[in-house]
Amino acid sequence: MKQHTILGAGGSVGNALAYELLNGNEKIRLISRSGFSIPKTETFKADLNSYNETLKSVENSNVVYLTVGLPYNSKIWEEQWIKIMQNTVNACKEVGAKLIFFDNVYMYGKVNGEMTENTPHNPCSKKGEIRAKVTTLLENEIKKGNIKAVIARSADLYGPYATKTSLPFILAIDKLMKGKKAQWMVADTTKHSFTYTIDSAKAMVLLANSDKSDNQIWHLPTYNPAINGKEFIELVAKELGVKPNYSVLKKWMIKMVGLFKNDVSEAYEMLYQNEFDYHFNSTKFNSSFDFKPKTYSEGIHETIKHLKMN
């Protein structure tokens, strides 16, 4: 039985991952600033900005998952992300653990066509520039043979446990479940890929337990073709048995709100992801592990079922 340690427990991916590991009867250690806990797991509080606390967190670990979600603030990202990655890499090297880094697509920037594992870094946002530096740090350690690691990259998330930061949940699922009109960002006809949380968790466990996955970038399983906002909202409404009423939040509206709300202001630079098509290709993973991602209809059904039960 392996020791699996999740750095950044309590978030969308950390939660889904913890429950997936529990299904496999693995030894699980959850690390967070808050002390987030789940029954049948070992729980510790730690600040990953501290190397000593990071090292103590991963001691005796076989696999370490870095699923940290920092506050959505470029200044905080710039101050903390590189430090957290360097501490995690050094700690994993010290204890001989395999590192699974849950990554996003910000470093790609605006991509014409599909995003694949071979898409070059071309960030067009401050947050993208920071994520490119973080990923490059890990890639360089891998190339030098200093660490056994996997970069597990995801599209925007939806699904069970993704309630605090998932726009499809916040703007569509939650509002329609409460009898309100749904909303969508910028454009409702552009295509956008979304990764289902449970698929991402299952995939990370497969990557952790497979030697053939080592020292590579993997796009986590994501259903294709991509979906647009109108289609997503209609699927949610159909599942709930309500009318698909919604409005579109235009860029100028978001910019105005951003003058008064910092979190909205921070999101403005990323709106290119909603303004233009966003196609995320996970063929490499799907074919290598014979994995079939949930369709959007299936994922929405399971998400709403989970929300009603919890």
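Residues -13 to 296 in our numbering are what the sequence shown spells out, letter by letter. Even glycine gets a Cβ: it sits at the ideal position worked out from N, Cα and C.
Check the DSSP bridge columns for residue i and list the partner residues they point to.
i, result
"Thr(-9)", "Arg15, Val50"
"Trp204", "Ala138"
"Phe155", "The partner list for Phe155 (beta bridge, DSSP) is empty, contrary to what the question assumes."
"Ile213", "His178"
Taking the continuous beta strand (DSSP E) assigned at residue i, which residues delimit it?
i, result
"Ile137", "135 to 139"
"Ser307", "No information on residue 307 is available, as it lies outside the stretch -13 to 296 that the chain covers here."
"Met93", "Met93 -> no beta strand (DSSP E), and no H or E assigned at all."
"Tyr144", "142 to 144"
"His107", "Careful: His107 lies outside any beta strand (DSSP E) and carries neither H nor E."
I need the DSSP call for residue i, collapsed to helix, strand or coil.
i, result
"Met256", "coil"
"Lys224", "helix"
"Asn73", "helix"
"Ile24", "coil"
"Glu100", "strand"
"Tyr5", "helix"
"Asn302", "With the chain covering only -13 through 296, there is no way to say anything about residue 302."
"Tyr264", "strand"
"Lys150", "coil"
"Lys167", "coil"
"Phe218", "helix"
"Lys312", "Only positions -13 to 296 of the chain appear in this structure, which leaves residue 312 out of reach."
"Lys280", "coil"
"Lys119", "helix"
"Val44", "helix"
"Asn296", "coil"
"Lys129", "helix"
In angstroms, rounded to a whole number, what distance separates the CA positions of residue i and residue j?
i, j, result
"Lys119", "Met71", "10 Å"
"Ser268", "Pro207", "5 Å"
"Ile24", "Leu3", "12 Å"
"Gln(-11)", "Phe262", "42 Å"
"Gly(-4)", "Ala148", "10 Å"
"Asn98", "Tyr144", "23 Å"
"Asp257", "Met(-13)", "Looking at the sequence itself, residue 257 is Leu, so the reference to Asp does not match. Whole-angstrom Cα-Cα distance: 44 Å."
"Gln169", "Tyr232", "5 Å"
"Leu41", "Ile14", "16 Å"
"Glu6", "Lys84", "18 Å"
"Val234", "Glu39", "44 Å"
Quick check on the DSSP output: the alpha helix (DSSP H) that includes residue i runs from which residue to which?
i, result
"Lys270", "269 to 274"
"Tyr58", "Segment: none, Tyr58 is in no alpha helix (DSSP H) and carries neither H nor E."
"Thr183", "183 to 194"
"Leu34", "Looking at the DSSP string, Leu34 is not in any alpha helix (DSSP H), and its letter there is neither H nor E."
Assign residue i to buried or exposed, taking buried as 16 or more other Cβ atoms, counted over all protein chains shown, within 10 Å of its Cβ.
i, result
"Ser43", "buried"
"Glu45", "exposed"
"Pro279", "buried"
"Asn260", "buried"
"Phe22", "buried"
"Glu65", "exposed"
"Asn1", "buried"
"Ile(-8)", "buried"
"Thr74", "buried"
"Pro57", "exposed"
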